[in-house]
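Below: the structure, in structure tokens.
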Amino acid sequence: MSFANILIIKLSAIGDVIHALPVAGALKQQFPQARITWVVEKPAYDLLTNNSKIDEIIIFDKPRFKSVAGLWENAPAFVSDLRSRRFDLALDLQGLFKSAALGFLSGAPQRYVYCNAREGSHLLAKKVCGSNQSGHIVEQYLDVARALGEYVREAEWAIVPTAHEQESVTVIAAQAGLSLGDPYVVLAPGANWSNKRWPTKHFSQLADWLAAQGIKSVLTGGPGDRMLAEQIISGSQSALVNLTGQTSLKQLAHLINCSQALVGGDTGPMHLAAALKIPVVALMGPTDIVRNGPYGQLHNAIAVSHSCHGCWKRACPRSIDCLADISPATVQAKLTTLLSLRGLT
1347 MSFANILIIK LSAIGDVIHA LPVAGALKQQ FPQARITWVV EKPAYDLLTN
1397 NSKIDEIIIF DKPRFKSVAG LWENAPAFVS DLRSRRFDLA LDLQGLFKSA
1447 ALGFLSGAPQ RYVYCNAREG SHLLAKKVCG SNQSGHIVEQ YLDVARALGE
1497 YVREAEWAIV PTAHEQESVT VIAAQAGLSL GDPYVVLAPG ANWSNKRWPT
1547 KHFSQLADWL AAQGIKSVLT GGPGDRMLAE QIISGSQSAL VNLTGQTSLK
1597 QLAHLINCSQ ALVGGDTGPM HLAAALKIPV VALMGPTDIV RNGPYGQLHN
1647 AIAVSHSCHG CWKRACPRSI DCLADISPAT VQAKLTTLLS LRGLT
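Counting in our numbering, the sequence shown runs from 1347 upward without gaps.
Laid out in structure tokens, this is it:
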């Protein structure tokens, strides 16, 4: 079995795209001459740039296709552009109707979809359920590559910020009072699900504890997380560095790569840190540690004690502030161990 022109479809979200990235490397390992094209939505596009395993990135501009008029106006040209590339294989790692439709409309004669396919997406591609159905989502995605006969030794991400991205975030950090040579911990308070967010007052207490250890706290996140950052700052007795909404994803990668550790919930920055092999304290509540915890660092995840943990509900039906169950002292104890391994605390 050999392929020359492969399409990967993983549109969003940021954490999910990070989880899927090793598939590109696995394909290049088995088919080194193959051209790898990835279709992605705009918010996660930056993660795929400057990646030696990906030859081309196609942006699926979701807002342009949300209405009937938008579909009528934009779909024909987009589909024609896809088909002109003459893909011989399409891997649907999204597993939804829209991604299945893209795979089918690409014209690729062979199409695979990963095991947890929904919305009838398995009707348009061959469903792959490998040996990791109960394992981490990274391994589940890699099972799709393994179905092609690939033996994947180790997941590789190839998230490499350019020199310009490194230099620009160095300047941004300096303007906020941070040298990337300082010992600091990245705090990522945001998440799309409200019940994946650790209380801001807990982050404030953690920042004060870190300051007492001589370690700075750096707040990160998207523009929508600015209110959370302000609440953390107002509740803290120490000076925090606030870079919320000021970095691109690749700039954030460099910022994390220079840090001592990251603390956050099941969200993009946490998974980015795990991919970069930076120590992570992952705070887990409604999602499952085994499937969605920090890849390669599941031992650094802290789960809530609620009997309903891992419920996979976006909002708690019992109105519990899910992650409030994890105390700052518990996180401090985990961080003490991780930071001591790096010569701190």
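Heads up, the beta-carbon is just placed ideally off N, CA and C, and yes, glycines get one too. Here the structure is a predicted model, which means the values were calculated and not measured.
Among S1467, A1491, H1365, F1450, which has the Cα closest to the Cα of H1482?
H1365
In the DSSP output, which residue or residues are listed as bridge partners for I1404?
V1385
A1522 and V1587: beta carbons closer than 8 Å?
yes
Which same chain residues end up closer than 6 Å to K1542 when comparing Cβ atoms and leaving out the 5 residues on each side of it in sequence?
G1611, D1612
Enumerate, from N- to C-terminal direction, the unbroken beta strand (DSSP E) stretches of 3 or more residues contained entirely within the segment 1527–1574.
Runs found: 1530–1534, 1562–1565.
Looking only at its own chain, which residues have a Cβ that is under 7 Å from the Cβ of L1659, when we skip the five neighbours before and after it?
Rather than Leu, the amino acid found at residue 1659 in this sequence is Lys. Answer for K1659: P1632, listed in chain order.
Rounded to the nearest angstrom, what separates G1449 and T1516 at their Cα positions?
40 Å
Below 6 Å CB to CB, which residues in the same chain sit around A1649 once its five sequence neighbours on both sides are set aside?
M1630, I1635, H1655
So, for I1360: in the same chain, excluding its five sequence neighbours on each side, which residues have a beta-carbon less than 6 Å away from its beta-carbon?
A1390, G1614
Once the 5 residues before and after A1368 are set aside, which same chain residues still bring their CB inside 8 Å of it?
Note that residue 1368 is Pro in the sequence shown here, rather than Ala. The residues are V1484, Y1487, L1488, V1498, A1501, E1502, W1503.
Restricting to Cα atoms, I'd like to know which of L1533, G1642, A1553 is closest to Q1583.
A1553
Which residues in the same chain as N1420 place their Cβ atom closer than 7 Å to its Cβ, once the five residues preceding and following it in sequence are excluded?
R1410, F1411
Can you list, in chain order, the residues of its chain with a C-beta nearer than 7 Å to that of L1373? Leave out the 5 residues immediately preceding and following it.
Same-chain partners within the cutoff: I1352, A1380, I1382, A1491.
When the Cα atoms are used, what is the spatial distance from A1463 to Q1456?
16 Å
Using CA coordinates, which residue listed in W1539, S1605, S1540, G1560 is at the minimum distance from T1566?
S1605
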